[in-house]
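Undergrad: No gaps in the numbering here: position 14 of the sequence shown is 501 in our numbering, and each next residue is one more.
The C-beta atom is built at its ideal place from N, Cα and C for all residues, glycine as well.
Here the structure is a predicted model, which means the values were calculated and not measured.
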Amino acid sequence: MAQNGEVGVKVADGGAEDQEVDFKKVSQVEAFEILKCTPHGITSAEVQERLKTYGYNKLPEETRNPILVYLSYMWNPLSWAMEAAAIIAIALLDYADFALIVALLLVNSTISYVEEANADKAIKALASALAPRAKALRDGEMKTVDASELVPGDVIIVRLGDIVPADIKILFEGEVAPVHANDETPLQVDQAALTGESLPVKKFSGDVAFAGSTIKQGERHCLVRCSGLLGGCGCVFVLVPVW
488 MAQNGEVGVK VADGGAEDQE VDFKKVSQVE AFEILKCTPH GITSAEVQER
538 LKTYGYNKLP EETRNPILVY LSYMWNPLSW AMEAAAIIAI ALLDYADFAL
588 IVALLLVNST ISYVEEANAD KAIKALASAL APRAKALRDG EMKTVDASEL
638 VPGDVIIVRL GDIVPADIKI LFEGEVAPVH ANDETPLQVD QAALTGESLP
688 VKKFSGDVAF AGSTIKQGER HCLVRCSGLL GGCGCVFVLV PVW
């Protein structure tokens, strides 16, 4: 993930070497060319092909055994030293030191376990916040579709109250780009869950927004630039083990 909230997205290029694109910097025309689509969206057949390439727009559900997770915190250099000290203490019949070392080992593992459990809850909450449905241009018509089937190249509508279903690039309202960004009505986007910003952020044409953000004001057509694990939520998801 790039700095300043920008994400470099790898775009599959028909079997060629993947190219990494910063959709914040490319023009609207270039974005359509890169994703091989048009302002009128894509067809149902193209959706099926892109699902094979990019996968579904959802985060994988992975679980790990809590006991094994807890025990894993006793398998590191610091824990090994403490375990060795405990063995020496019990060999010398020093029960007080043995009990103290074991207690410290358990406390250290418990703290690490609780911290990861809290991080896991936050990640699961973020995943569950993804919109279940979305309005997308398919076969030249605006249709309500399952958000998990959105693919790069889809043109969707987001409006007040919507949860952004995938990472998007905001499209111009008309055929011609405004001379100044302030000449258009921006989206107000709450992206606190991803960036920690306390106030909604203004997003103009050409700007990007991340999956899991909430639209607080406005309505715009947007281009899905990446989905699933390739998106902002996916980047957060893969950085934190889920169990």
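Write down the C-beta distance between Ile655 and Ala621 rounded to the nearest angstrom, noting that I regard them as a contact closer than 8 Å.
TA: Locating residue 655 in the sequence shown gives position 168, counting from the first residue. Locating residue 621 in the sequence shown gives position 134, counting from the first residue. About 10 Å separates the two Cβ atoms, so there is no contact after all.
Undergrad: Under a Cβ-count criterion, where at least 16 other Cβ atoms within 10 Å of its own Cβ denotes burial, should Gln678 be classed as buried or exposed?
TA: Here residue 678 refers to the residue found at position 191 when the sequence shown is read from its first residue. Gln678 comes out buried.
Undergrad: Label Val601 either buried or exposed according to how many other C-beta atoms from any shown protein chain fall within 10 Å of its C-beta, with 16 as the threshold for buried.
TA: To locate residue 601, count along the sequence shown from 1; it is residue 114. Val601 should be labelled exposed.
Undergrad: At what residues does the alpha helix (DSSP H) containing Val556 begin and finish?
TA: As a working mapping, residue 556 is identified with position 69 in the sequence shown. It spans Pro553 to Ser559 - the alpha helix (DSSP H) in which Val556 sits, taken as one unbroken run.
Undergrad: Compare the Cα-Cα distances from Glu636 to each of Ser531, Leu522, Pro526 and Val508 and report the closest residue.
TA: For the purposes of this step, residue 636 is taken as the residue at position 149 of the sequence shown. Checked all of Ser531, Leu522, Pro526 and Val508; the closest Cα to Glu636 is Ser531.
Undergrad: What's the gap between the Cα of Phe744 and the Cα of Pro673?
TA: Since the first residue shown for the chain is 488 and the last is 730, residue 744 is missing from the structure and cannot be characterised.
Undergrad: Report yes or no: do three or more beta-carbon pairs, one from the stretch 516–532 and one from the stretch 698–712, lie closer than 8 Å?
TA: The stretch 516–532 vs the stretch 698–712: in contact.
Undergrad: Please give me, in chain order, every unbroken run of the alpha helix (DSSP H) with length at least 4 that falls completely inside the stretch 625–709.
TA: Counting whole runs of 4 or more residues, the stretch 625–709 contains the alpha helix (DSSP H) stretches 679–682.
Undergrad: Closer than 7 Å by C-beta to Thr631: which residues in its own chain qualify, once you throw out the five before and the five after it? Chain order, please.
TA: As a working mapping, residue 631 is identified with position 144 in the sequence shown. Arg620 and Lys622.
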